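Asker:
There are 2 protein chains.
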Amino acid sequence: MTQSPIGLAILGSTGSIGRQTLEVVQSLPGRFNIIALSAGGNVTLLEEQARAFKPSMVYATRQDDYVRDTLVGRGRARWAEMEEMAADPRVDIVVLATVGAAGLGPALAALRAGKAVALANKEVLVMAGQILVEEARQNGGELRPIDSEHSAIWQCLWGESNDAIERIILTASGGPFRDTPVEELSRVTAEEALRHPNWEMGKKVTVDSATLLNKGLECIEARWLFDVPLERIDVVLHRESIVHSMVEFRDGSIKAQLGVPDMRLPIQCALTYPERLVGAAVPKLDLKLMPTLTFGVPSLRKYRCLSLALQAGRKGGTYPAVLAAADEVAVQHFLSGYIRFTDIANALDDALSAHDGVTDPKLNDLLAADAWARTFAEDWVKTKA
Amino acid sequence: MTQSPIGLAILGSTGSIGRQTLEVVQSLPGRFNIIALSAGGNVTLLEEQARAFKPSMVYATRQDDYVRDTLVGRGRARWAEMEEMAADPRVDIVVLATVGAAGLGPALAALRAGKAVALANKEVLVMAGQILVEEARQNGGELRPIDSEHSAIWQCLWGESNDAIERIILTASGGPFRDTPVEELSRVTAEEALRHPNWEMGKKVTVDSATLLNKGLECIEARWLFDVPLERIDVVLHRESIVHSMVEFRDGSIKAQLGVPDMRLPIQCALTYPERLVGAAVPKLDLKLMPTLTFGVPSLRKYRCLSLALQAGRKGGTYPAVLAAADEVAVQHFLSGYIRFTDIANALDDALSAHDGVTDPKLNDLLAADAWARTFAEDWVKTKA
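Sequences listed follow chains G and R, in order. Position one of the first sequence corresponds to residue 1 (this note's numbering), numbered consecutively onward. Position one of the second sequence corresponds to residue 1001 (this note's numbering), numbered consecutively onward.
#1: Tell me which same chain residues have a C-beta within less than 8 Å of the C-beta of Pro-1050(R), skipping the five on either side of it?
#2: Closest Cβ-Cβ distance between Met-1001(R) and chain G: below 8 Å?
#3: Out of Thr-1383(R), Pro-1361(R), Lys-1203(R) and Gln-1155(R), point me to the one whose CA is closest to Val-1331(R)'s CA.
#4: Just list the beta strand (DSSP E) runs in the stretch 1257–1335 of chain R, keeping only unbroken ones of 3 residues or longer that don't cross its boundaries, in chain order.
#5: What residues from chain R crowd round Val-297(G), counting only those whose CB sits closer than 7 Å?
#6: Residues of chain R with CB under 8 Å from Trp-158(G), in chain order?
#7: If you draw a straight line from the C-alpha of Trp-79(G) to the C-alpha of Gly-40(G), how long is it?
#8: How many angstroms separate the CA atom of Leu-277(G) from the CA atom of Ile-1165(R)?
#9: Helix or strand or just coil, what does DSSP make of Thr-171(G)?
#10: Cβ of Arg-1250(R) less than 8 Å from any chain G Cβ?
#11: Using a Cβ cut-off of 8 Å (strictly closer), state whether Asp-1147(R) contacts chain G.
#12: What would DSSP say about Gly-7(G), mapped onto helix, strand or coil?
#13: Would you identify the three-state DSSP class for Asn-1033(R), choosing helix, strand or coil?
#14: Go through its chain and collect everything with a Cβ distance to Phe-1053(R)'s Cβ below 6 Å, but skip five positions before and after it.
#15: List the DSSP bridge partners of Val-236(G).
#16: Who pairs with Trp-380(G) in a beta bridge, going by DSSP?
#17: Cα separation between Gly-114(G) and Val-25(G)?
#18: Kindly say whether Ile-254(G), judged by its beta-carbon, lies nearer than 8 Å to any beta-carbon of chain R.
#19: Under 8 Å between the Cβ atoms of Gly-129(G) and Arg-223(G)?
#20: So Leu-1335(R) and Cys-1305(R) are supposed to be a Cβ contact under 8 Å. How far apart are they, rounded?
#21: On the three-state DSSP scale, how would you describe Ile-242(G)?
#22: Counting only Cβ pairs nearer than 7 Å, list the residues of chain G close to Ala-1164(R).
#23: Express the C-alpha separation of Glu-1218(R) and Leu-1125(R) in angstroms, rounding to a whole number.
#24: Look at the alpha carbon of Pro-1298(R) and the alpha carbon of Leu-1308(R), and state the distance between them as a whole number of angstroms.
#25: How big is the Cα-Cα spacing for Val-282(G) and Arg-264(G)?
#26: With DSSP as the reference, label Met-57(G) as helix, strand or coil.
#27: Shortest alpha-carbon distance to Asp-227(G) belongs to which of Thr-294(G), Gly-279(G), Ile-254(G) and Arg-137(G)?
#28: On a Cα-Cα basis, can you pick out the residue from Glu-378(G), Ala-369(G), Leu-119(G) and Ile-254(G) that is closest to His-333(G)?
#29: For Ile-327(G), count neighbouring C-beta atoms within 10 Å of its own C-beta (all shown protein chains included) and say buried if the count is 16 or more, exposed if not.
#30: Going along chain R, which residues have a C-beta under 9 Å from Leu-285(G)?
#31: My output table needs one value for Phe-396(G): the three-state DSSP class, helix, strand or coil.
#32: Am I right that Cys-1156(R) and Lys-255(G) are in contact with their C-beta atoms under 8 Å? What's the rounded C-beta distance?
#33: From Ala-193(G) to Phe-341(G), what distance separates their C-alpha atoms?
#34: Do Leu-1132(R) and Pro-1245(R) have their beta-carbon atoms positioned less than 8 Å apart in this structure?
#35: Using a C-beta cutoff of 8 Å, does Asp-1234(R) count as contacting chain G?
If you want it as structure tokens, here you go:
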């Protein structure tokens, strides 16, 4: 390799996406230089990663003396805030694999510094899409999707002009309850919700895939990533998760991106763009053994969270932030067994109805809406539980 | 529209592709200027087209006094050979919708003059792929596919680098006999062979779609259009003809192009590239009504012509020219009822076995091989009939 290594900051390195990002990095020796790693509470794994990848900076949400000492004590790395990591001159790409609103500050810092942000933390874009897109535009920063759906759309758009897009078609597997009658949804357990048929993911996003709230967030995300109004974004059920998403162009042509469901492929695309490399050992789709591919329309009666998300997206302003924040709280309590699966939609519905939205919100308005929604959802759960 | 109209020469304007090309031209008013039209024997339609599109030059294979008088007599157009049309300075794109070897001279003339050649006449590329590609490379000419499969591959490669291609996957509907047991193929009629389940096409290509010889020719065509060795080109059966073809990249990602089976879309792509325009009224694929998509492996025992084509393609030299020429003759005689459907493969097999191939053939060698194969096939049919 002739070019110098690409500097990476991986925020959220101990989660599912963070770990797979490091797998991709390992599969392409010499190509990347890990400048910074940050984690939440899993400091044991962070320490392991720091030993293997020798970042210059580390951060963990949990930061007692023991943690600081273990991670930075022996002069191996310096403790730094995520915003500092994101803006560091040695960093070319910031992988944002954090969960929830915590990624917002670092995302803005990275874009302001003109970095490419490889985005797995969709809540950030749902919450503050307009602000992020604006920041990127003004400072030469760039948003690259890591979600398999958005990576599919992105790949379909390489070499195409944005104004040729007629429609974006997001595929949805339908999650573990796609064959469960709507009447039975109130009785499903967290354990059942976590059994996703096609993808291995973190818990929160797996539950969001079961409610299809995730797909609604993805519609909002697509709206900002590809500058396409929500009216031109469709969701189709596609059980097999082989077609990761599609773009219809105005001449009637449709492009789709296909592959084995494996997050290492979209991660690698975001890191190596515009190159395609033989990298992580992603299993290849054997077209001769390819299953029958099916497509259908999701029922909005069954998938109420999808409907609510589209509603919030259309209303815009602070509503998407409320949606995402209330969902984080509700899913947490569903996983702990405090509320029922169907209560997630009930909580979101009530939060969106109770919220007094702000049009053209500033960052402060969004953070206030986020905080308001969390409190609202916590209270909502308390009265239910 | 601010740019000046694109000059077109449509060679083979009265055939299926030629007529649809003129439909596309009509659907995009002001965008194209028809400089030249050529036809075979259907001079009545050619006259109609000449009246509607006012070309400066016309040509018909049939050229008795009456034809010449009708077409050029009133000073509306000048009679010109196809090579002259192809090289005319007012022509930007030559649409090659001729059938068989007749398109070879005009194709070379166009590429030598640095034109874009929108290629529907696949035999030309099968016969003389290397020479055409070389001519294009040396003179800044360009080959654009019109076949739906190759257009799909081409579209999937926009914005991609050629060395990222791992594999090209051509889809095949399987034709009208896909559910016919191999033992019954010797008894099928021309009428049955012409009933293609998904596409409306000319007779010759419809029979070639029934034998899958067409798909074999397409593999050879893809080899030259996209500079990918035959070993990296696969054929999968896909009954629905919705996925028009796919490209697998070396990172494991697959891109597919989908749409309603309608040749006006690939024609329009070839004419408007790199733009996508709302043009011909191509029906849109309704994803919510999208059928189940199936994929399978074609049986080489059943589809012997596919196997023979791949053999000829691997041997290279003059063998593909022999294959294409012998097939033209054999299909003609099958359509006239002189030989059986399965005799097409028998004739090709015998022709390829009897042929004494030339490696690194010059144009003369290819034309000689073409002539040899036609004579061989005619004789073969005579001894059978």
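We treat Cβ as the ideally placed atom computed from N, Cα and C, and that holds for glycine. This one's a predicted model, so the numbers in the text were calculated from it and none came from an experiment.
Answerer: In short, the structure shows the following:
#1: The residue asked about is misnamed: residue 1050(R) is Ala in this sequence, not Pro. Cβ neighbours of Ala-1050(R) beyond the five flanking positions: Leu-1037, Val-1058, Leu-1071, Arg-1076 and Ala-1077.
#2: Model confidence at Met-1001(R) stands at a pLDDT of 46, short of 50, so the residue's coordinates are unreliable; what they give is reported in the following sentence. For Met-1001(R), the answer is no, since every Cβ of chain G falls outside 8 Å of its Cβ.
#3: Lys-1203(R)
#4: none
#5: Lys-1288
#6: Trp-1158, Gly-1159 and Glu-1160
#7: 14 Å
#8: 10 Å
#9: strand
#10: yes
#11: no
#12: strand
#13: strand
#14: Ile-1034
#15: Thr-171(G)
#16: Answer is none; Trp-380(G) lacks a bridge partner.
#17: 22 Å
#18: yes
#19: yes
#20: Contact flag wrong, Cβ pair sits at about 15 Å.
#21: coil
#22: Arg-276
#23: 9 Å
#24: 14 Å
#25: 7 Å
#26: strand
#27: Arg-137(G)
#28: Glu-378(G)
#29: The sequence given here has Asp at residue 327(G), not Ile. Burial call: buried.
#30: Glu-1248, Gly-1252 and Ile-1254
#31: Residue 396(G) falls outside the range modelled here, since chain G spans only 1 to 385, and no answer is possible.
#32: 7 Å
#33: 8 Å
#34: As written in the sequence, residue 1245(R) is Ser, which differs from the Pro given in the question. Not a contact, by the Cβ cut-off of 8 Å.
#35: yes
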